[in-house]
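Peer 1: From first to last, the protein sequence lines stand for chains Y and V. Residue numbering for the first sequence follows my numbering, starting at 1 and increasing by one per position. Residue numbering for the second sequence follows my numbering, starting at 1 and increasing by one per position. Using N, Cα and C, we set each Cβ at its ideal position, and we do this for glycine too.
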Amino acid sequence: MNNLGPNGFSRRGLLAAGAGLLVGPGAARSAGVDAAAWSPDYVRKIAGTLDVDTAAECAKIVPLNHTGKVTYWYVGPNQASPQIDHDIDAQFWAAFAKTYPNITIEKQSFDYNNVLDKIRTAALGKSAPMVARLTLLWAPELAAKGFLQELRPEDVGYPTDEFWPGAMKSVTWKGKTYGVPTNNETMALIWNGQLFEQAGLDPAVPPATWDELVVFSRKIKEKTGKFGYGMVARRNAGNTPYRFMPQCWAYGGGALDEAETRPGYGQVYLGNAGTKAALQASYDMYVRDKSVPVSALTNTQTENQDPFIAGNLGMMISHPSEYAVMVDRAGKASGEDKKQADAVVANMRYGLIPTGPSRRAVVFGGWNAHIFKPSVVAGKHDMDAARAFVAFMTGPEWSTKLAWSGSNPGNTRGFRTSWMKQRIEQIKFLDVTTSMLTAGIPFPVIPESAEIMNIVVPDMLQNALTGRMSVTAAADNAAKQVKDLLNLG
Amino acid sequence: MANARPGLLRRIVRHRADYLYVAPALLVMLLVIAYPIYDTIYLSFFNTPPNLALEDKIFIGLGNYQRILGMDSFHEATWNTFVWTVFSTLFAFVLGFGAALALNREFVGRGLMRGILLIPYVISAVAASYIWRWLYHSDFGVIGAISVAIGLTENPINFLDSTDFVMASLIVVNVWKEFPFAMIMMLAGLQTVPDQLLRAAQVDGAGPWHRFWHITVPHLKGVTLVTVLLLLVANLNSFTIPWIMTGGGPAGASEIWITHIYQLAFGRIRFGLASAYSVILFIVMMGMGYFYVRALTKGDAK
Chain Y
1 MNNLGPNGFS RRGLLAAGAG LLVGPGAARS AGVDAAAWSP DYVRKIAGTL DVDTAAECAK
61 IVPLNHTGKV TYWYVGPNQA SPQIDHDIDA QFWAAFAKTY PNITIEKQSF DYNNVLDKIR
121 TAALGKSAPM VARLTLLWAP ELAAKGFLQE LRPEDVGYPT DEFWPGAMKS VTWKGKTYGV
181 PTNNETMALI WNGQLFEQAG LDPAVPPATW DELVVFSRKI KEKTGKFGYG MVARRNAGNT
241 PYRFMPQCWA YGGGALDEAE TRPGYGQVYL GNAGTKAALQ ASYDMYVRDK SVPVSALTNT
301 QTENQDPFIA GNLGMMISHP SEYAVMVDRA GKASGEDKKQ ADAVVANMRY GLIPTGPSRR
361 AVVFGGWNAH IFKPSVVAGK HDMDAARAFV AFMTGPEWST KLAWSGSNPG NTRGFRTSWM
421 KQRIEQIKFL DVTTSMLTAG IPFPVIPESA EIMNIVVPDM LQNALTGRMS VTAAADNAAK
481 QVKDLLNLG
Chain V
1 MANARPGLLR RIVRHRADYL YVAPALLVML LVIAYPIYDT IYLSFFNTPP NLALEDKIFI
61 GLGNYQRILG MDSFHEATWN TFVWTVFSTL FAFVLGFGAA LALNREFVGR GLMRGILLIP
121 YVISAVAASY IWRWLYHSDF GVIGAISVAI GLTENPINFL DSTDFVMASL IVVNVWKEFP
181 FAMIMMLAGL QTVPDQLLRA AQVDGAGPWH RFWHITVPHL KGVTLVTVLL LLVANLNSFT
241 IPWIMTGGGP AGASEIWITH IYQLAFGRIR FGLASAYSVI LFIVMMGMGY FYVRALTKGD
301 AK
């Protein structure tokens with residue numbers, strides 16, 4: 001018989017968390033960020049104003065001499081990641097081992113497009129890891145299926161209001177909380193100023209609207225023969241909705257009503273005029289103008305990186321880490337390729353994602369740390385060790401460092417740290433993507449979200465772009481699928 | 001009654017040592033084959049929506065089967081599966097048989113050629129799929145670049161992002177991957193054709209075509225049947241190449257039964273529906289298995 005509390009934590013752990021709340025939250029709350037004042041200037045102003053002692057914060061939750069083991073699955077850096085991501089990953093493991101020398105972490109890193117399938121299957125087979133770091137799209141489904149342990153930020157020593165409300169919403173299912181946000185980000189429009197110039201466009205001015213983006217893409221293709229925009233429409237790839245949904249929301253569309261001020265997820269927007277306008281814009285680029293890669297239907301964002309660094313692609317939507325990726329790639333190139341790559345890096349620009357008739361929108365992305373229920377985990381579940389690990393990972397220090405090149409700290413106290421100041425100084429264009437955080441729209445927080453975003457939306461795009469269906473029929477077909485899926489009549 | 005056949009129990013007792021020897025293997029088979037089959041059939045009668053834990057599944061009888069048979073995507077996938085299986089099998093067999101005939105003759109470098117032709121078969125299907133994906137790439141693929149360079153086409157050929165060409169492109173990869181299997185099988189068969197018969201026919205004035213048609217082909221009937229059946233089963237079950245190269249796209253143009261089942265189970269989290277689909281595939285496979293066993297045991301004395 002284990003001595004788990006209502007959330008599955010030990011009584012000692014809960015007392016420690018309570019003590020943490022008494023000591024920490026006052027200071028932590030006042031050290032949070034002011035979303036109303038959010039701007040690049042504000043972010044720069046607050047960076048470096050807070051000192052953090054991670055070990056001391058974690059010790060309030062689980063003693064540093066705790067002995068145990070944690071199994072952990074995550075999407076770690078891969079070959080497409082910049083070198084700095086690999087270095088920070090290694091530093092993280094070394095730092096955790098130093099802080100909790102008696103806790104062993106058995107970690108496994110997976111490919112982004114495979115990890116959800118593996119987690120689902122493992123949990124069904126009662127061999128899930130104790131802790132996993134998963135993208136915010138997946139939590140509702142796993143919580144609804146009863147795989148996740150209830151887990152509030154307070155359980156690992158941090159007040160809930162230190163995290164973005166959108167991020168907290170993504171870990172909430174039927175009023176209960178099932179995770180702690182690790183990092184949150186929004187993407188930006190990235191363009192090659194040199195190609196803009198060759199196409200007769202102002203290299204410093206990005207398309208202001210999605211309609212303009214279609215025009216810019218066509219001009220680049222016509223004038224240079226290069227691809228204008230790096231469309232991504234692959235099925236079963238998270239990259240697709242992250243690029244199409246901002247366009248869809250901008251025109252007044254959506255999957256459900258997720259872009260509205262108070263979404264109820266009871267209305268399907270896929271068949272509305274806004275979605276059809278966004279789909280038409282994609283159709284115009286792919287079919288009419290042929291200004292985007294033909295391979296868009298099988299590409300992920302990774303496949304856009306090579307043509308971009310080679311100067312064959314004008315615009316794409318991605319994370320701030322794309323700059324570090326391009327610098328890395330330019331460093332590895334040689335001869336004429338090196339000259340070309342250096343020119344691309346020198347002319348690389350970041351800007352806000354275009355706006356549309358209804359709004360400027362971007363996906364509120366990010367990842368959360370979850371603890372799985374002992375009943376779906378193989379072997380003995382060490383809840384305190386798991387909590388210690390989550391506390392370490394989601395504190396201001398490591399939620400900032402682990403998000404170094406591509407995201408932002410989920411724990412908003414991270415924005416006040418000296419590491420955030422370093423990031424702003426080192427990472428070009430970080431302020432652009434960071435400034436859009438308050439405008440980010442989370443995907444619908446329902447268990448069917450992964451299916452809608454990764455299958456229904458890409459299928460709609462593919463049906464229209466291949467001419468298998470008209471734009472209207474493709475959107476209506478997708479809307480019908482979602483209505484059937486959610487029993488919305 | 002002295003000649004009466006002993007009862008089953010008595011026969012088991014009499015051969016208990018034999019049964020003991022095969023028991024571990026039988027147990028493993030029950031665990032890894034029989035139980036999953038039972039569980040799949042059981043699950044096929046339940047609705048398993050993504051917002052429910054599997055324990056809370058809802059019994060719907062034959063509802064999943066009715067739903068599958070009414071799905072447009074099932075009919076499209078069935079047609080694609082038919083095209084994929086028949087053409088992959090046909091071309092792999094013809095190419096493999098041709099290669100076997102060539103390699104059955106004496107010539108300098110025959111061993112080397114045999115080794116080279118086996119390469120596609122021994123390469124990992126995952127690695128091969130990724131390589132072919134880049135060869136075929138609609139914008140930067142080598143094949144497209146060559147076709148433009150030699151003036152064959154104005155633009156790179158759209159192999160994988162076109163609903164018209166994707167299935168044919170995948171079949172080419174599949175045939176390339178599995179024709180060496182047919183080649184090995186047929187080569188083994190060709191080596192059993194009696195030389196005396198071929199020489200006697202030659203003495204009697206039979207030309208190469210007649211010798212091939214009237215002596216070689218009849219001798220290869222058994223191995224041909226087995227090879228074709230094994231290719232059919234392999235192709236019906238083939239997952240790696242279509243999944244890695246296109247994921248069933250674009251717009252479902254390369255979706256075959258097995259990728260559709262995977263998509264339903266792990267993409268759409270409909271384990272009940274995917275189980276019913278798997279049962280349908282299982283029945284088809286069992287039918288093929290029956291013919292395979294018949295072909296293998298044909299002529300066996302009881």
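Please classify V/Arg105 as buried or exposed, where buried requires at least 16 neighbouring CB atoms within 10 angstroms.
Peer 2: Counting Cβ neighbours within 10 Å, V/Arg105 comes out exposed, since fewer than 16 surround it.
Peer 1: At least one CB of chain Y closer than 7 angstroms to the CB of V/Gly63: is that the case?
Peer 2: Not an interface residue.
Peer 1: Let me see if you follow: with CB-CB separation under 7 angstroms, is V/Thr163 close to chain Y or not?
Peer 2: With 7 angstroms as the cut-off, V/Thr163 counts as an interface residue toward chain Y.
Peer 1: In the DSSP assignment, what are the bridge partners of Y/Thr417?
Peer 2: In the DSSP output, where bridge partners are listed per residue, Y/Thr417 has Y/Leu50.
Peer 1: Considering only their Cβ atoms, is the gap separating V/Pro50 from V/Ile303 smaller than 7 angstroms?
Peer 2: This structure gives no information on residue 303 of chain V, because the portion of chain V shown stretches from 1 to 302.
Peer 1: What distance in whole Å lies between the Cβ atoms of Y/Gly351 and Y/Pro206, which are believed to be in contact at a cut-off of 8 angstroms?
Peer 2: That pair is a contact at about 4 angstroms.
Peer 1: So, Y/Gly146 versus V/Ala53, is the Cβ gap smaller than 7 angstroms?
Peer 2: Closer than 7 angstroms, so yes.
Peer 1: Comparing the C-beta of V/Phe159 with each C-beta of chain Y, is any distance below 7 angstroms?
Peer 2: Not one chain Y Cβ lies under 7 angstroms of V/Phe159.
Peer 1: With DSSP run on the structure shown, which of helix, strand or coil describes V/Pro49?
Peer 2: In this structure, V/Pro49 counts as coil in the three-state DSSP scheme.
Peer 1: Residues of chain V with CB closer than 7 angstroms to the CB of Y/Gly146, please, in chain order.
Peer 2: Correct list: Ala53.
Peer 1: Taking a contact to mean a Cβ-Cβ separation below 7 angstroms, would you say Y/Thr412 touches Y/Val43 in this structure?
Peer 2: No, the Cβ-Cβ distance between Y/Thr412 and Y/Val43 is not below 7 angstroms.
Peer 1: Between Y/Ile353 and chain V, is any beta-carbon pair separated by less than 7 angstroms?
Peer 2: By this cut-off, Y/Ile353 is not an interface position.
Peer 1: Should Y/Gln79 be flagged as near chain V, meaning a C-beta pair shorter than 7 angstroms?
Peer 2: Answer no: the Cβ-Cβ gap between Y/Gln79 and chain V never drops below 7 angstroms.
Peer 1: CB Y/Phe364 to CB Y/Pro263, shorter than 7 angstroms?
Peer 2: No.
Peer 1: Roughly how many whole angstroms lie between the Cα atoms of V/Val233 and V/Ser278?
Peer 2: So the two alpha carbons sit approximately 14 angstroms from each other.
Peer 1: Quick check on Y/Ala28: buried or exposed, where buried means 16 or more other Cβ atoms within 10 Å of its Cβ?
Peer 2: Interpretation of Y/Ala28 is limited by its pLDDT of 34, a score under 50 that renders its predicted location unreliable; the figure taken from the coordinates is listed afterwards. Under this definition Y/Ala28 is a buried residue.
Peer 1: Taking the beta carbon of Y/Glu258 as the centre, do at least 16 other beta carbons fall within 10 Å, making it buried, or is it exposed?
Peer 2: Y/Glu258 is buried by the Cβ-count criterion.
Peer 1: Are any of the Cβ atoms in chain V nearer than 7 angstroms to that of Y/Thr177?
Peer 2: It does not: the Cβ of Y/Thr177 has no partner Cβ on chain V nearer than 7 angstroms.
Peer 1: Counting only C-beta atoms, is Y/Arg235 closer than 7 angstroms to chain V at any point?
Peer 2: By this cut-off, Y/Arg235 is an interface position.
Peer 1: Using a Cβ-Cβ cut-off of 7 angstroms, state whether Y/Ile462 counts as contacting chain V.
Peer 2: For the record, residue 462 of chain Y in the displayed sequence is Gln; it is not Ile. It does; some Cβ of chain V falls within 7 angstroms.
Peer 1: Roughly how far, in whole angstroms, is the beta-carbon of Y/Gly225 from the beta-carbon of Y/Gly314, given that I think they are within contact range, below 8 angstroms?
Peer 2: Their Cβ separation, rounded to whole angstroms, is 11 angstroms, which puts Y/Gly225 and Y/Gly314 out of contact at 8 angstroms.
Peer 1: Counting only beta-carbon separations shorter than 7 angstroms, does Y/Glu141 have a partner in chain V?
Peer 2: Yes, Y/Glu141 counts as interfacial toward chain V.
Peer 1: Can we say the segment 247-254 of chain Y touches the segment 267-283 of chain Y, given the rule of at least three CB pairs closer than 8 angstroms?
Peer 2: Touching, yes, given that three or more Cβ pairs across the two stretches are closer than 8 angstroms.
Peer 1: Hey, how far is the Cα of Y/Pro25 from the Cα of Y/Leu148?
Peer 2: Caution is warranted here: a pLDDT of 26 is assigned to Y/Pro25, below 50, making its placement in the model unreliable, and the coordinate value is therefore given only provisionally. The straight-line gap from Cα to Cα measures roughly 25 angstroms.
Peer 1: Quick one: list the residues of chain V neighbouring Y/Ile455, beta-carbon separation under 9 angstroms, in chain order.
Peer 2: Within chain V, the residues near Y/Ile455 are Gln263, Gly267 and Arg268.
Peer 1: May I ask which residues mark the beginning and end of the beta strand (DSSP E) holding Y/Gln108?
Peer 2: Unbroken beta strand (DSSP E) run through Y/Gln108: Ile103 to Ser109.
Peer 1: Using 8 angstroms as the Cβ pair cut-off and three pairs as the minimum, do the segment 285-305 of chain Y and the segment 157-174 of chain V touch?
Peer 2: Segments in contact, yes.
Peer 1: Given that V/Asp139 touches chain Y, what residues does it touch there, using C-beta distances under 7 angstroms?
Peer 2: Those within 7 angstroms of V/Asp139 in chain Y are Pro293, Val294 and Ser295.
Peer 1: Out of Y/Ala122, Y/Asn272, Y/Tyr265 and Y/Met436, state which residue places its alpha-carbon closest to the alpha-carbon of Y/Ala188.
Peer 2: Y/Ala188 has its Cα closest to that of Y/Met436, out of Y/Ala122, Y/Asn272, Y/Tyr265 and Y/Met436.
Peer 1: Quick check: the Cα distance between V/Met113 and V/Asn174, rounded to an integer number of angstroms?
Peer 2: C-alpha separation (whole angstroms): 20 angstroms.
Peer 1: Hey, how far is the Cα of Y/Trp93 from the Cα of V/Thr85?
Peer 2: Approximately 49 angstroms, taken between the alpha carbons.
Peer 1: Could you name the residues of chain Y that V/Pro242 contacts, counting a contact when the two beta carbons are closer than 8 angstroms?
Peer 2: What V/Pro242 touches in chain Y: nothing, since even the nearest Cβ is about 12 angstroms away.
Peer 1: Measure how close the beta-carbons of Y/Thr271 and Y/Leu195 come, nearest whole angstrom, since I'm counting them as under 8 angstroms.
Peer 2: It should be noted that the sequence gives Gly, not Thr, for residue 271 of chain Y. Wrong, their Cβ atoms sit about 36 angstroms apart, outside the cutoff.
Peer 1: Please tell me whether V/Pro36 has its Cβ less than 7 angstroms away from any Cβ of chain Y.
Peer 2: Taking Cβ atoms only, chain Y never reaches closer than 7 angstroms to V/Pro36, which makes this a no.
Peer 1: Examine chain V for any beta-carbon lying closer than 7 angstroms to the beta-carbon of Y/Asp484, and answer yes or no.
Peer 2: Chain V, which has no Cβ nearer than 7 angstroms to the Cβ of Y/Asp484, makes this no.
Peer 1: Buried or exposed for Y/Gly179, going by 16 or more other Cβ atoms inside 10 Å?
Peer 2: When all chains shown are included, Y/Gly179 counts as buried.
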